[in-house]
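Using the working numbering, you'd call the opening residue of the sequence shown number 3 and step up by one each time. The beta-carbon is built from N, C-alpha and C at its ideal position, and this holds for glycine as well. In this text, all values refer to a predicted model and were calculated from it rather than measured experimentally. Here is the structure we will look at.
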Amino acid sequence: MDETARHRYRQRLEELRAELDGPAAQESGAHRPEPLDQQAVGRLSRMDALQQQAMARAAQERRARMKARIDAALARLQEGEFGYCTECGEEISPARLDLDPTVPTCIQCARAGG
Numbered sequence: 003m004d005e006t007a008r009h010r011y012r013q014r015l016e017e018l019r020a021e022l023d024g025p026a027a028q029e030s031g032a033h034r035p036e037p038l039d040q041q042a043v044g045r046l047s048r049m050d051a052l053q054q055q056a057m058a059r060a061a062q063e064r065r066a067r068m069k070a071r072i073d074a075a076l077a078r079l080q081e082g083e084f085g086y087c088t089e090c091g092e093e094i095s096p097a098r099l100d101l102d103p104t105v106p107t108c109i110q111c112a113r114a115g116g
């Protein structure tokens, strides 16, 4: 992989990371679970509030997993290993990296693993 391509992938990964750390992500993470007063709200309101809390936690977990994938890809870039499968060592297709620059494996290893 040439230096121009590495620079392009680094820039894209940093942009993805900035989106995850941006104001919109901070807003959605600001909804902390609050204890529900069982006497003050009805059963359906409690269920709705619990569902909203669960959805906020799930979104926060997805952001954390994506940040970890981005950090791992940036580390591979730094080490000169980006673009090579972490399983078999073969080159990952540029089309696959263009689709998702955080992928650590080639398509064959991804299919074999799951």
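In the DSSP assignment, Ile109 falls within the unbroken alpha helix (DSSP H) covering 109-115.
A contact between stretches requires three or more CB pairs, one per stretch, nearer than 8 Å, and the stretch 12-25 meets this requirement with the stretch 63-80.
Bridge pairing for Glu93: Tyr86 [DSSP]. In this structure, Glu92 lies near Cys108, with their beta-carbon atoms less than 8 Å apart. Around Cys111, the same chain offers Cys87, Glu89, Cys90 as residues with beta carbons nearer than 6 Å, after the five sequence neighbours per side are excluded.
Measuring C-alpha to C-alpha distances from Ala7 to each of Gly115, Ala114, Ser95, Arg113 identifies Ser95 as the nearest. The beta-carbon distance between Pro103 and Arg14, rounded to whole angstroms, is 5 Å. This is short enough to meet the 8 Å contact definition. Distance from Tyr11 to Leu99 at the Cβ level is roughly 7 Å; contact confirmed, criterion being Cβ atoms closer than 8 Å.
DSSP, read as helix, strand or coil, puts Thr104 in coil.
The closest CA to that of Asp4, considering only Arg113, Gly115, Leu79, is found on Leu79.
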